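Taking numbering that gives the first Met the number 0, I'd label the letters of the sequence shown as residues 0 to 490.
Here is the structure we will look at.
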Amino acid sequence: MELHALRAHQLRELLDKGEISSVELTKSLLARIEAVDPAIGAYLSVREKEALQEAEAADRRIREGRDVGPLTGIPVSVKDNISVDGSPTTCASKMLEHYISPYDATVVARLKAQGAPILGKLNLDEFAMGSSTETSALKLTRNPWDLERVPGGSSGGPAAAVAADTAVLALGSDTGGSIRQPAAFCGIVGLKPTYGRVSRYGLVAFASSLDQIGPMTKDVRDAALLLAAIAGHDPLDSTSIPGEVPDFAAELDKGVDGLVIGLPKEFFGEGIAPEVKDAVLAAVRVLEGLGAKVQEVSLPHARYALAAYHMIAPAEASSNLGRFDGVRFGHRAKEAEDVVTLFEKTRQEGFGLEVKRRIMLGTFALSAGYYDQYYLKALKVRTLIRQDFEKAFQQCDVLATPTAPTVAFRIGEKWENPLEMYQSDLLTAPANLAGIPAISIPCGLNGEGLPIGLQLLGPALGEGLLLRVAAAYEGATGGVESRPKPRLEVE
Ligand code: GLN
Numbered sequence: 000m001e002l003h004a005l006r007a008h009q010l011r012e013l014l015d016k017g018e019i020s021s022v023e024l025t026k027s028l029l030a031r032i033e034a035v036d037p038a039i040g041a042y043l044s045v046r047e048k049e050a051l052q053e054a055e056a057a058d059r060r061i062r063e064g065r066d067v068g069p070l071t072g073i074p075v076s077v078k079d080n081i082s083v084d085g086s087p088t089t090c091a092s093k094m095l096e097h098y099i100s101p102y103d104a105t106v107v108a109r110l111k112a113q114g115a116p117i118l119g120k121l122n123l124d125e126f127a128m129g130s131s132t133e134t135s136a137l138k139l140t141r142n143p144w145d146l147e148r149v150p151g152g153s154s155g156g157p158a159a160a161v162a163a164d165t166a167v168l169a170l171g172s173d174t175g176g177s178i179r180q181p182a183a184f185c186g187i188v189g190l191k192p193t194y195g196r197v198s199r200y201g202l203v204a205f206a207s208s209l210d211q212i213g214p215m216t217k218d219v220r221d222a223a224l225l226l227a228a229i230a231g232h233d234p235l236d237s238t239s240i241p242g243e244v245p246d247f248a249a250e251l252d253k254g255v256d257g258l259v260i261g262l263p264k265e266f267f268g269e270g271i272a273p274e275v276k277d278a279v280l281a282a283v284r285v286l287e288g289l290g291a292k293v294q295e296v297s298l299p300h301a302r303y304a305l306a307a308y309h310m311i312a313p314a315e316a317s318s319n320l321g322r323f324d325g326v327r328f329g330h331r332a333k334e335a336e337d338v339v340t341l342f343e344k345t346r347q348e349g350f351g352l353e354v355k356r357r358i359m360l361g362t363f364a365l366s367a368g369y370y371d372q373y374y375l376k377a378l379k380v381r382t383l384i385r386q387d388f389e390k391a392f393q394q395c396d397v398l399a400t401p402t403a404p405t406v407a408f409r410i411g412e413k414w415e416n417p418l419e420m421y422q423s424d425l426l427t428a429p430a431n432l433a434g435i436p437a438i439s440i441p442c443g444l445n446g447e448g449l450p451i452g453l454q455l456l457g458p459a460l461g462e463g464l465l466l467r468v469a470a471a472y473e474g475a476t477g478g479v480e481s482r483p484k485p486r487l488e489v490e
């Protein structure tokens with residue numbers, strides 16, 4: 000098999016035995032990008048020279064047996080809202096099209112310290128606002144399973160790259176579902192960690208109380224390895240959680256015997272495609288067959304999650320995006336006669352339609368007179384949703400739901416109707432509001448051969464538990480080897 004198609008834990012063995020080098024592996028990925036990415040459009044920039052230098056340094060380290068970690072020599076690709084020193088961080092926006100990051104995000108610094116080359120930057124919805132990667136102002140990304148369909152969003156670039164074998168490992172960000180929904184649409188694994196588990200330092204902020212960076216990988220073991228590499232306290236992020244990071248990989252083989260899996264009835268109701276529901280329930284039966292107990296639970300306030308999310312996220316975004324004024328960052332309008340006109344013209348030219356819509360919604364929700372009625376109300380709903388989850392986790396260990404209501408939709412299908420697009424986050428946004436971890440893993444294909452995702456949700460800091468249940472399912476269904484892969488006509 001080609002090196003670019005292998006998983007990180009397999010590559011680790013080959014690297015340690017000296018059967019392959021990191022430079023060889025990096026070159027294999029670069030060649031794969033050149034062959035396949037023109038049809039997929041996942042990469043916004045490729046760090047060819049830097050990644051090869053980083054790979055050479057990793058090879059020296061491995062040869063000398065010096066401080067070799069699980070990811071030493073294994074390239075990682077990064078969503079383009081995560082800063083990499085000296086490389087562009089565009090957020091797929093005209094506003095930052097020519098912006099170069101002057102420092103590394105903490106997650107990137109940790110990967111570099113372990114000797115993982117950073118391969119390139121991946122497309123997303125503009126400023127991570129969207130569910131299809133169609134709001135990117137810079138590129139269209141296509142779903143490797145069907146090039147006429149979206150890869151999901153906002154981490155559509157990472158999901159498409161991992162599915163198309165142009166990335167071994169990728170980092171995405173998830174504010175309302177942006178790691179899990181594209182993972183489901185592209186048939187890969189995506190994990191949103193507990194809020195505070197992974198540092199947000201160097202992630203361009205969308206909604207600061209919801210944003211988390213997390214792994215997007217080909218299998219569950221790789222997700223555990225990548226999460227372990229990036230997790231842990233960071234003094235540069237005041238919301239980062241202190242304390243030791245558990246050994247996630249050690250959880251993977253523990254099985255599910257005796258665990259209680261809750262099925263929240265509100266997540267299987269209206270708006271969920273029957274084929275998605277059936278695949279998810281079949282996956283739950285597999286876990287039951289492995290000794291898990293299954294029980295129905297209720298999260299009565301979950302139905303308000305999407306409405307609360309679309310108040311809180313835009314409110315925070317309208318504040319966070321205030322910094323893009325043409326003076327400090329990125330694009331600056333020409334020929335503005337005074338400073339107010341400069342701000343206005345810069346923002347008019349630099350931001351796309353969806354970003355402007357969010358800024359207007361958020362500014363409205365925060366304005367005097369509406370603050371109590373909308374924003375404060377949404378915060379109260381958020382508390383109720385968190386309490387619903389706390390109660391559910393008194394009865395069960397994890398919850399199982401579909402990740403997204405449907406499989407990947409067609410390019411352009413929901414573009415005209417933002418409310419329909421927002422429905423994509425129906426089942427993922429609750430975890431962000433509650434701050435709890437959630438993973439999406441592939442659980443089969445529909446009749447048209449498109450991937451379906453199973454979402455597992457756990458209590459705060461329960462990533463180990465999620466990885467354990469996910470690994471049990473993956474193992475029982477034959478693992479990645481037995482899973483179909485997208486057939487790319489360009490090959
Ligand atoms: N799709 C959601 C939105 O449009 C979530 C985005 C995200 O998680 N970054 O806001």
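Backbone N, C-alpha and C fix where the C-beta goes; we use that ideal spot for every residue, glycine too.
Since the model is a prediction, treat every value here as computed from it, not as a measurement.
Endpoints, the alpha helix (DSSP H) within which residue i is located
i      : result
Thr25  : 21–39
Gln113 : 105–113
Glu353 : 352–365
Ala470 : 462–475
Lys390 : 376–394
Gly349 : 338–349
Beta-carbon proximity list for residue i, same chain, < 7 Å, skipping 5 on both sides
i      : result
Thr134 : Asp124, Glu125, Met128, Gly351, Glu353
Thr140 : Ile39, Gly40, Ala41, Asn122, Thr132, Pro150, Gly155, Gly156, Ala159
Leu426 : Phe266, Thr400, Pro401, Thr402, Ala403, Pro404, Gln454
Ala136 : Ala91, Ser92, Lys93, Glu125, Gly351
Ala282 : Cys442, Leu453, Tyr472
Arg409 : Glu147, Arg148
Residue range of the unbroken beta strand (DSSP E) whose run includes residue i
i      : result
Cys528 : The structure shown does not extend to residue 528, since the chain is modelled only from 0 through 490, so no value can be given for it.
Ala227 : Ala227 -> not in any beta strand (DSSP E); alpha helix (DSSP H) instead, spanning 219–229.
Gly213 : 211–216
Val397 : 397–401
Gly155 : Looking at the DSSP string, Gly155 is not in any beta strand (DSSP E); the run it does join, the alpha helix (DSSP H), is 155–162.
Leu14  : Looking at the DSSP string, Leu14 is not in any beta strand (DSSP E); the run it does join, the alpha helix (DSSP H), is 7–15.
Gly434 : From DSSP, Gly434 is part of no beta strand (DSSP E); its letter is neither H nor E.
Ile260 : 259–263
Lys191 : 188–191
Ile117 : 117–121
Reduced DSSP secondary structure (H/G/I, E/B, other) of residue i
i      : result
Asn416 : coil
Asn319 : helix
Pro450 : strand
Asp277 : helix
Gly368 : coil
Ile410 : coil
Leu168 : strand
Ala206 : coil
Gly72  : coil
Leu289 : coil
Leu48  : The amino acid at residue 48 is misidentified as Leu; the sequence shows Lys. Helix at Lys48.
Arg148 : strand
Leu2   : helix
Leu305 : helix
Ser439 : strand
Val67  : coil
Lys78  : strand
Ile61  : helix
Leu455 : strand
Ile95  : In the sequence as displayed, the identity of residue 95 is Leu instead of Ile. If DSSP states are grouped into helix, strand and coil, Leu95 belongs with the helices.
Among the options, the one whose alpha carbon lies nearest that of residue i
i      : options                        : result
Val296 : Val397, Leu426, Lys16, Leu121  : Val397
Ala304 : Asn416, Val22, Leu378, Ala56   : Leu378
Arg196 : Ile212, Gly189, Cys185, Val188 : Ile212
Ala399 : Asn80, Val468, Leu251, Glu1    : Val468
Arg199 : Ser172, Leu190, Gly176, Ile178 : Ser172
Asp164 : Lys264, Asp36, Ile117, Glu274  : Asp36
Ser439 : Pro181, Asn142, Asn80, Ser92   : Pro181
Glu287 : Ile311, Gly257, Pro313         : Gly257
Leu5   : Val22, Asp15, Lys16, Leu28     : Leu28
Ala204 : Ser366, Ile81, Ala112          : Ile81
Pro436 : Arg31, Lys191, Asp58           : Lys191
Beta-carbon proximity list for residue i, same chain, < 8 Å, skipping 5 on both sides
i      : result
Asp84  : Ser100, Pro101, Tyr102, Asp103, Val107
Ile240 : Thr193, Gly195, Arg196, His232, Leu460
Val479 : Arg6, Lys217, Asp218, Glu473
Gly434 : Thr193, Tyr194, Gly195, Arg385, Ala459
Asp58  : Ser20, Ser21, Val22, Gly72
Close-in-space but distant-in-sequence residues of the same chain around residue i (CB under 6 Å, 5 per side omitted)
i      : result
Leu10  : Ile73
Phe247 : Ala223, Leu226, Ala227, Gly463, Leu466
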